[in-house]
Each structure stands twice: as structure tokens, then as C-alpha cells.
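Peer 1:
Numbering (the numbering used here), first residue to last: 2 to 1221.
(1) With a CB to CB cut of under 7 Å and the five nearest residues on each side skipped, what residues in its chain are close to residue 500?
(2) Using three-state DSSP, classify residue 721 as helix, strand or coil.
(3) Spatial neighbours of residue 613 within its chain, please: C-beta separation below 8 Å, excluding the five flanking residues on both sides.
(4) For a test of the three-state rule: what should DSSP assign to residue 601, helix, strand or coil?
(5) Entirely within the region 411-477 and at least 4 residues each: give me those alpha helix (DSSP H) ranges in chain order.
(6) Between the alpha carbons of residue 741 and residue 681, how many angstroms are there, rounded?
(7) Are at least three pairs of beta-carbons, each pair with one atom in the region 197-213 and one in the region 251-263, less than 8 Å apart?
(8) Would DSSP call residue 121 helix, strand or coil?
(9) Residues in the same chain with beta-carbon distance under 7 Å from residue 993, minus the five sequence neighbours each way, listed in chain order, please.
(10) Taking the alpha carbon of residue 784 as the point to measure from, which residue in 493, 610, 724 and 1044 has its own alpha carbon closest?
(11) Return the chain-ordered ranges of every beta strand (DSSP E) run that is complete within the region 335-417 and spans a minimum of 3 residues.
(12) By the DSSP assignment, the alpha helix (DSSP H) with residue 796 in it spans what residues?
(13) Short check: CB of residue 965 to CB of residue 1009, under 8 Å?
(14) Taking the straight line between their C-alpha atoms, what separation do you get for residue 205 and residue 400?
(15) Count the other CB atoms within 10 Å of the CB of residue 757; is the residue buried (16 or more) or exposed (fewer)?
(16) I need the straight-line Cα distance from residue 358 to residue 228, nearest angstrom please.
(17) Which stretch, first to last residue, makes up the alpha helix (DSSP H) that contains residue 948?
(18) Please state the DSSP three-state secondary structure of residue 881.
(19) Would residue 597 and residue 641 qualify as a contact pair, given that the criterion is a beta-carbon distance under 8 Å?
(20) Which of helix, strand or coil does DSSP assign to residue 195?
(21) What is the DSSP secondary structure of residue 1033, reduced to helix, strand or coil?
(22) What separation, rounded to the nearest whole angstrom, lies between the Cα atoms of residue 297 and residue 379?
(23) Alpha carbon to alpha carbon, how far is residue 774 from residue 824? Give it in angstroms, no decimals.
(24) Does the region 299-317 come close enough to the region 253-270 that 3 or more CB-CB pairs lie under 8 Å?
(25) So the candidates are 528, 494, 595 and 606; which of them puts its Cα closest to the Cα of residue 547?
(26) Quick one: any contact between the region 276-294 and the region 355-371, if contact means 3 or more CB pairs under 8 Å?
(27) Could you check how far apart the C-beta atoms of residue 1000 and residue 926 are, in whole angstroms? I think they sit under 8 Å.
(28) When the Cα of residue 674 is compared with those of 631, 663, 648 and 655, which residue comes out closest?
(29) What is the DSSP secondary structure of residue 1012, counted as helix, strand or coil?
(30) Whose CA, out of 490, 531 and 454, lies closest to the CA of residue 503?
(31) Here's a check: name, in chain order, each residue in its chain whose Cβ is nearer than 6 Å to the Cβ of residue 523, leaving out the five neighbours to either side.
(32) Does the beta carbon of residue 931 come closer than 8 Å to any beta carbon on chain B?
(33) Report the option in 749, 685 and 708 whose CA atom is closest to the CA atom of residue 731.
(34) Start and end of the alpha helix (DSSP H) containing residue 967?
(35) Quick one: grab the DSSP three-state call for residue 220.
(36) Can you name the start and end residues of the alpha helix (DSSP H) that residue 502 belongs to?
This is the structure:
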């Protein structure tokens, strides 16, 4: 392996690709090829190409490891002096010999693969009549495929070298747009590329037995493509590289066939030669020997062409700056490695795949991984891949966390192949890189990691267990339980089950084995039992609902008829199996709150109609109801009581015939709990209850409050006792949250159920009056609770107020005129209290600082989620008209400061308020800015405070959208309000025009105004502004924002100039937002932003060339010749999307240079001017080439990892849940 290791040592070339020996570096010197004068027309020079090709062939069989002849590469890259050639149409070339033309071939390729064989056959007929004319047609087809309108004439073909032809075409390249056929958007690109590849494939196949070896066609064609692949023009380089790679693939296939024939013939020759002299046929032996010589000559000819193409095209283009070129190079290399492993599957070729695993662009990395997948799937290749595996395994493991999820998915599949096919496989610590990916949010990545984990776990099952399928499943479940308990993500069982569902569905549907494990007395530890219950319930949910966990759903999933049938069968099996066993499980685990809360979810996935299908099943229903009622009387944990409530709601549904039994059972439970509460009520009101009495009353009230979610409590008359209890506690100051929170819930549920009954049963007027009094009484109690010093009581009161004010609003009884008397509008004092609650307890960081202790992350997330729910409840009151739209100012003015936590809710509120009343919504936005400005004036303010308000104004201005006509009236109203506020009369003791600086904030909205409205605002400004203040900096700034529409300067320049005016018609680019270290809500958003693989925000200019722009020189001394430059840029150089970053930035910053350049150009004659302008449009800055090292070791995994499931949802569906 010494030779192989030396090959890997050449990885150091990554840091030194542009050494002085490179034939393709930018400083290459131009050389001219001497041509001998001939009196008549010169014969074609292409046949001499064979000697050059053979000079580069390897002395061995492999064409890849041969040394490169420097004279050959210099000959390929030399450029002669250009000549002015009059263009001709391609069809005109064949006037003397009519046949298929370049345009005919191009039209056929554009149509796709259908008639490619016919087209190639017609061209072959033309070529056989005259090979010079046929080659010329093929060359013009290539030029046409590049999008070039130039034509290669017969004279050019006879008298000019390839370099001179390419130079002439480069000058004549007339770019109408940035697109050329291979990069044209839309379906045309797909058809053209497929057709071009098919053309190359059919061409090689048709010439495989004859014309490949004519020493003219393919050497000439490959020589031209090699020169074009080094062109300055991206279209030439891209198209020629694609054709060269596809021709090379065809040649490799032909070489494999020839090698097979050679081996077969050699065996026959050896067998014949091994015979005795009497049995040996000398004629047969001579014939086989001649065949062997012929095949060897063909193999040598193919090797020389393959070697020249590999060295002349692939070695330089696999590191081209254009991503698409690098992708197609690696794609075809993967095919060569698989088709011809004898010649290509060696360390000398594999190193290119290994190096490009570090490419900056994900499509290239993806193609590398897919090429390796094809190799590792073949068992006979594993031995040849040992050194590659050991060298690049670490890189492949790190790519499991690639920023591009598609790359990560294929990498995990590749690592699974490596683990399965290689002898050593992956070590346990190496597998540890992949295991956590089963919890990733990306569905495909999680599924790939699930398949990896499944194969790993199955490999751990002992061989004796594999003989019995049942014991095999049991062993798998035990190992899965062990994996789940040892992992760090115990709360995400649903994600683990979803990842394994596609590969381990049969094991996860094995309910019999799971329940057997749970019901046996010994075997599992307490932790293992909890893990099995969690996994079992997640599997039950997955089978019954076929829904993915939060974050993995990909739109609405429409199940096929087959999937629906499987889902229905699973529900039937779940129901049949769990109906008799669930009461037993509840009995065993009734004392464990966590386990019983999970088990109580099982009936929600049952086909509950089956309880009526048999007599013996009804007995199990009675057992289930008895167990649920017993659990309610045993537990007070919120999770258990909530699970009991959901189950009671399902069992009491009127669509089931057994609902009367459920109603009876839960009514009896409510009777007992109410009696218990009433027993201690009088002592509680009188203040004589001891701690035991208070605890008993509180626990009874908790259970009642929980059951009120499923059972109508109005018949138990609990409202008055609960309100009296709350009032007594508020008066005495004994704020016991264990007693007051459930009392608030019980009273609120009474009012909610009363409203439902009023809608359904139309009660008498007296009942409506009593209900209205109860609503007013409860709202006053809740208003008092908003200012208490007990957080749980305060928050519960606010949430219930939001719900009840919505339920008893005007919009809720719009369709019920008889219930108009029930409408309850909040009083002014209540509005003020609720607004104060927002400012004091939602838009504040005081409680967050208290939770910065290690281990309090979950509490912090829960607190943020509760704040979001409270803010959404308040915003609903604004949207549905319960509160005036002006109440939203307390929300809008925190849009910028708390954007990370509440930005989505506030933005949705603004959007909906614009639909209700656009003008009033705009005025509310202005009012919120005015309030912030007034607060700033009352305190010690600085320029920084004003800048923060301006940033808020900019963000609010962007919320008005891009349809300026639709927002015209709202924006005019906003500006009018702002101008009046800025020039209002000063109050007593205030300085003159204290609010005039508000115009700086208002200028942030000017770029949204139409031109005619700008004039109106300017007139209003002059009318309102005193003459003495017209020259003040804020006034001048606002005037300038109204006058200019398309210019803007950075704010820093304006601030450095003191009162200098700057335009805001086009908003300044947003500054990068800094994320606080303790921020929780931005974790998911941040990982999404980091996943972008682009490193530049500059737009790609409309150019198609990728050559370096030469340093500026006086144009008068510049000759109208094509620039000579090497384009092979390594993987480190700027990619196709940001390669022009330096160019446009220079043009924007230094426009003076551009004008000087233009003035110098005017001195040139028209012909030279046209030629130079064309060249300038085809070249780019040399500075871009110098920005980075030759190849950058790009670790994509360092920037981002897999995304774990988030407990916070900011999607549109979640907003709908918040607001609806």
C-alpha cells in the first residue's frame, strides 16, 4: 500500500493548486504555433493529432495514471493571433454538398431523445461522403449549442488552429441575455440537456466499431472540446465540458467492450497454443493473433483519447468555479469508476471524489456522495475502497450534519452501506454521530437515520433469537427500550417512532409483546416500563392517525385507499387488543401519575363503536369508567386530570349509544366532589378552616374544575360559592393559589356552559338577566385579581377574562338577536388594567432573568409559551372588536424590541387589523410611534433611543406591503397625523415645537408614498411648519424623503454629518440582528438562517463569463484580441452565484471610474469599440480569483447541525390555533 498512501499524501495539493507548473494558471504566456506557407489550400491538420494523443498515453493499460506531456498541454492551450472572419450561416456551409446541417441537429436535440438515432445516422452519411464537411457540421452544432451566433467556416477549419478559432468565436459571441441553452430556465433546459447527452451517447455508440479509430473524427472533436473547456466564456466552457464528459463516458463503455473481447480472444489463443503440434490449427492461431493485435491497437487508441480527455478536461474542470460544471464532472467520474474499475477504480481517481467532499456548494457534495453509494453497493469494489474509506471516513461522518439536508440524507445512507459492506464497519463511537439524527426535524434525514439505527439494532440480536420471529421482535423491543432510555431525548418518543416506522413497522405494531412486558411482574425496571409505555402510545397514535410529529409534517397528507385500509385495520387491531387489557394496565400503574396519564390516551385512538358490538365488551367499558373515576379521586396532577377530561369528553359524546353510562358515571363522581367541597365551604368563608380542610377543599375544587371541561357543571350551582370564596380571599389577602385558581376556573366554566345552554335552549328573560349579572360580577373579581401579587392567580384571571369577553362580545351574538342582552363590554378601568398587565408581565424580561439558572430551560420555554398565549388572547379582543383598535398601540410599539418572541403574533395582528379598517390601522401605527416618542421626551433620552424608534418605524413601514395603490389612503392618513403631531402647539413650560424631531421617524414611511401624495405631503408640511423651523434638520430630512424616490444613503453618513439630510425612498439594508445568549425562541429560526450555503447577499450580475478581468490598462494601447486567461479555479474560488461580488460592488462604490472609462473609449474607432465592449462583457475581475486559497477545506458541519424538535411553534397553523 505504499504507492497508494503516496497518492493520498498528494492531498497537500489542496493547499497549492496554483503552483508555477500549472498549465492553466492565469499568468500563462501566449505562444504562437508556426505554420508553414503552402501554395495551395492546406490539408486538414487534425490527423496529426493521433501522435500527440499517443504521446500522452500510459505505458501501462490505465489511461489515468500516465504522465502528462507538457508540450501537448501547451499546444492545447496556445492561442494564435485572431483574424477578422466574415460570419456565415451554418446551412450555407454545405451548399456544395447538401445534407443535414448544424441547425437540423440543434433542433432535433432541443426536441429531446426521440429521433436521435435518425439524426446521427443522417450525419454519419454526410460524414462518410466528406469527412471535412461532416466535421464542420458537428463543430457548428457545438458552437450553436453554446448559444454563440458565430459560424466556423471551411476556410477557418483549414487554415486556423483550434485556439485561433475559439479566440475568433469569443470575439463574435453576441450575448443577448445571461442565459445560454444549457442554463435556460423552464422545461426547455431539461429537454435540451437530456437531448445533448443522448446525442453524444448515440454518436459514440454508432461510431464504436469504425469511426472512433479513423484518426480524424474523435481526435479532432476532442481537441476542440478541450480548447473550448478552457474558454473565457462560461457558455463555451459549460457546454464543451458536458459534451467532453459524455463522449468520455461513451469511450469508457467502448473500451470495456474492447477489453472484454481482448480477454476472450487471448484465452482462445492461449488454449489453441497449448494444444499439441498435431492438434493445433496454425491458421486459427494466426487469425487469433491478428485479432489480438487489432484489439490491442484499438485499446491503445481508446486509452490515448481517454487519457487526453481526462488530463485536458476533467483534471481542470472538476474544480471549475461554476457549480454545474463541477457537478457533471463528478457525476461522470462516478460512472467511469463503476463501468471500468480496472482502469479507474484506483487511488489516483478516487482522490478527486474525496477532495470534492469538501466543496462549498451542496450539489457537488451531493453528487460525490451518490457516486460513492454506487461504488459501495458493489461487493467486489470494497477491497479497492479500503484506503479511501480509512482516509475519508472522518469527513463522511462529519457530513451527516451537513447544512444541506439532502446531502445529509444521502451521507447517512452511504454510511449504512459502509457499515454493512466493509469488514470493519463503523465503530460504536462513530455510529454515535448518526443515532441522534432520528430526532431531527427533517423527515428524510430522520428516516435515513431510522434505517441506520434499525439495521444496527437488528445486528445486535443474537443468532438464536433470529430463529423465532416472536422472540426476535421481543429482543428488538428490549434493545430499543435500552437505546431510548440511554439517549438524552426522553420527551421525543414520537419522533423516534416516526423515524423507525417505515423500517420497523411490524415490531412497533407488536402490541401483544408490549403489553406482555408491561403486565409481567418482573422483568422491566421502572424506567424501562415508562419508556415502553411512551413508545407504545406513540406507536398506537402513529398507526391510528398516520400523522407525523410537529415539525415533520409536509403539508396536508392525503392517504391513498390502500393506506386508509391499513389504517382502519390497525385501529381495529388496537381496539380489539387493548379493550380487555387497558383496565388491567390502569390498575397496575394507577399510582404512577406519569404512566397513567399516557395510558389514558389509548381509548382516544379506539374504534369506540366496538364497545356495543358484544356483551362482554360492555363489561370492559364499565371497568374502564370505574378505573377513570378512581384515578380522578386519587390524583391532583394537572396532566392526569387533563387526560381524564379528554377521555370523559370522548366517552360522553352523544354519537355513541353507551354515552348514557359514561354520563351517569361522571355525574356520580361530580356529586361526590361537590359534596366534599360544600362540606368545607362555610369554614373557608368564615376563615376557620385548618390546613387539612383547606387542602381537601382545594383538591376537590381542582378535580371539579378539570371535569368541567367535559361535563356541564351548571346543575351543581357552583358559581356563587366560588365567587364568594374568591371575594373573601381577596378581601382577607390570603391568596392561596391552590384554592383560588381552581375557583376561578370553576366559575368561568359555569359562565361558558351557561352561554352554550342559552344558545341551544333559549332561556327566559329572567335567566338572561341573572346570567348577565354573573358575568359582570365575575369580570370585576378577575379585574381585582389582575393586580394581586400571586402570579398564578393573576395569569389565570387574565386568560379567563380574554376568553369570556370574547364569548360575550357583540360578534358572538350577531346571529342570535334574542341574546343581545348578554353582550358585555369591558369598562374603561378594565381596559386599563389589561393594558397594564401587558406592559408589566408580558413585555418584560424581569421574570426571564430569574430563570437563568442552569436547569431552568424548560421552565423558561413554558413561561414564554404562556406569555404568547396571553398576548394572543389580548390581540383577539382587538381583532374582533371587543377592544378599540387604538388598544393595539400597546402591542405594536413592542414589535421591534420583542420581535424574536412575539413578532409573528404582532405581525398577524397588524395584518388582520388592516383588513378590518386600513386607515384606522395606519393611524394606530402612527399613534404607537407617537406614544414612544412622548415617553422618550419625558425621560432622559439620547440619539440611541431615537434610532430605536426609527428602526421600529422602518419595520412597521415594511408591513404595508408592496402594493402602494392599495395602501395609499392609509399612508396619507398616517403622514397627516404625524405632521400634526410634530407641529402641535407646545404645552405650558415646554420648549417651542418639542415634537419636530418626530419627522425623522415619519420619514421612514415616505418611500411607500406615491409621487402625487408626496407633493400633497410637502404642501401640508409647508402649511403646518412655521417659517422659522423650515430649515431645521428634521424638517429638511422629511422634505428630502418626500422629494427623492430612488436614492438613499447609509444612515451612518447622515448621522456623521449632524443634521445632514438623507433619503429613505429605498430602505437601507437591514442591519444584522444580534441574538441574545439566553434567547430561546430564536433557536429554531437561527438554525434555519444558518442553513443557507450562500456567503454573499450581493445579486449576481447579468454576465455569463467566468474569466478574470485584467487590470485596467489604457484602452488606446489595447489590441482587439481575445484575452488569454485560465479559468480553472479550484473549489475554493467564488462559486457561480457569488463569483461577481467584487465586480458590481466596485461599480456601485466608484461610479467615477466608470465615467472615465467611458470617456476614454470614445476616442476609439467604432470597430475597436465594439470589439472591446464585447470582451468587457465576457470577462470579470481578477480580484475575485485572489480572494481565497486554492481549495478551502469547507466543513459544512461546523455551521449547522441537525434540528431537534421544537416545543415552540410559530407556523401559520399555530397562529390559526392562537387566533381562532
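Where is the CB? At the ideal position from N, CA and C, for every residue including glycine.
Peer 2: Based on what the coordinates show:
(1) For the purposes of this step, residue 500 is taken as residue 499 along the chain shown, with counting starting at 1. If the five residues before and after residue 500 are omitted, its C-beta is found closer than 7 Å to the C-beta atoms of 439, 447, 448, 450 and 451, all from its own chain and listed in chain order.
(2) Looking up residue 721 in the chain shown gives position 720. Residue 721: helix per DSSP, three-state reduction.
(3) On the chain shown, residue 613 is found 612 positions in, with the first residue counted as 1. The beta carbon of residue 613 is closer than 8 Å to those of 619, 657, 658 and 659 in its chain, skipping five residues each way along the sequence.
(4) Along the chain shown, one-based indexing puts residue 601 at 600. In the structure shown, residue 601 falls within a coil segment according to DSSP collapsed to helix, strand and coil.
(5) With a minimum length of 4 residues, the continuous alpha helix (DSSP H) runs that stay inside the region 411-477 are 429-432 and 444-461.
(6) As a first step, residue 741 is located in the chain shown; it is residue number 740 there, counting from the start. As a first step, residue 681 is located in the chain shown; it is residue number 680 there, counting from the start. Rounded to the nearest angstrom, the gap between the Cα atoms of residue 741 and residue 681 is 15 Å.
(7) In short, these stretches touch, since the Cβ pair count reaches three.
(8) The residue labelled residue 121 in the question sits at position 120 within the chain shown. In the three-state DSSP reduction, residue 121 falls in the helix class (H, G or I).
(9) Position 992 of the chain shown, counted from the start, is the residue given in the question as residue 993. For residue 993, where only same-chain residues beyond five positions count, the Cβ hits under 7 Å are 987.
(10) The sequence position of residue 784 within the chain shown is 783, counting from 1. For the residues 493, 610, 724 and 1044, the minimum Cα distance to residue 784 belongs to 724.
(11) Every candidate beta strand (DSSP E) stretch fails here, since none sits fully inside the region 335-417 while reaching 3 residues.
(12) Within the chain shown, residue 796 is the residue found at index 795, counting from 1. For residue 796, the enclosing alpha helix (DSSP H) covers residues 792-808.
(13) Position 964 of the chain shown, counting from 1, holds the residue named residue 965. Position 1008 of the chain shown, counting from 1, holds the residue named residue 1009. Going by C-beta atoms, residue 965 is nearer than 8 Å to residue 1009.
(14) Here residue 205 corresponds to residue number 204 of the chain shown, with the count starting at 1. Here residue 400 corresponds to residue number 399 of the chain shown, with the count starting at 1. In this structure, the CA atom of residue 205 is about 37 Å from the CA atom of residue 400.
(15) The residue labelled residue 757 in the question sits at position 756 within the chain shown. Result: exposed.
(16) Within the chain shown, numbered from 1, the residue matching residue 358 stands at position 357. Within the chain shown, numbered from 1, the residue matching residue 228 stands at position 227. When the Cα atoms are used, residue 358 and residue 228 turn out to be separated by approximately 28 Å.
(17) Stepping through the chain shown from its first residue, residue 948 is reached at position 947. Residue range 944-959 is occupied by the alpha helix (DSSP H) that includes residue 948.
(18) Position 880 of the chain shown holds residue 881. Note: residue 881 maps to coil in three-state DSSP.
(19) As a first step, residue 597 is located in the chain shown; it is residue number 596 there, counting from the start. As a first step, residue 641 is located in the chain shown; it is residue number 640 there, counting from the start. Less than 8 Å divides the Cβ of residue 597 from the Cβ of residue 641.
(20) Within the chain shown, numbered from 1, the residue matching residue 195 stands at position 194. Correct three-state label for residue 195: helix.
(21) Taking the chain shown and counting its residues from 1, one reaches residue 1033 at position 1032. Taken through DSSP and simplified to helix, strand or coil, residue 1033 comes out as coil.
(22) Walking along the chain shown from the start, residue 297 turns up at place 296. Walking along the chain shown from the start, residue 379 turns up at place 378. The alpha-carbon atoms of residue 297 and residue 379 are separated by roughly 28 Å.
(23) Translated into positions along the chain shown, residue 824 becomes position 823. Translated into positions along the chain shown, residue 774 becomes position 773. Between residue 824 and residue 774, the C-alpha separation is close to 11 Å.
(24) With a cut-off of 8 Å, the region 299-317 and the region 253-270 count as touching, because enough Cβ pairs lie within range.
(25) For the purposes of this step, residue 547 is taken as residue 546 along the chain shown, with counting starting at 1. Minimum Cα distance to residue 547 is reached at 606.
(26) The region 276-294, when compared against the region 355-371, does not touch it at the 8 Å Cβ threshold.
(27) Taking the first residue of the chain shown as 1, we reach residue 1000 at position 999. Taking the first residue of the chain shown as 1, we reach residue 926 at position 925. No, residue 1000 and residue 926 are not in contact; Cβ-Cβ is about 16 Å, not under 8 Å.
(28) Counted from its first residue, the chain shown places residue 674 at position 673. Among 631, 663, 648 and 655, the Cα nearest to that of residue 674 is on 631.
(29) Against the chain shown, residue 1012 aligns to sequence position 1011. Helix at residue 1012.
(30) For the purposes of this step, residue 503 is taken as the residue at position 502 of the chain shown. Among 490, 531 and 454, the Cα nearest to that of residue 503 belongs to 454.
(31) Here residue 523 refers to the residue found at position 522 of the chain shown. Leaving aside the five residues that flank residue 523 on each side, none in its chain has a CB nearer than 6 Å to its CB.
(32) Absent from the structure is chain B; it holds one protein chain and no more.
(33) Working through the chain shown from its first residue, we reach residue 731 at position 730. Closest option to residue 731, Cα to Cα, is 685.
(34) Here the question's residue 967 lines up with position 966 in the chain shown. Where residue 967 is concerned, there is no enclosing alpha helix (DSSP H), because DSSP gives it neither an H nor an E.
(35) Taking the chain shown and counting its residues from 1, the one referred to as residue 220 is at position 219. Note: residue 220 maps to helix in three-state DSSP.
(36) As a working note, residue 502 is residue 501 in the chain shown. First-last for residue 502: undefined, no H or E at that position.
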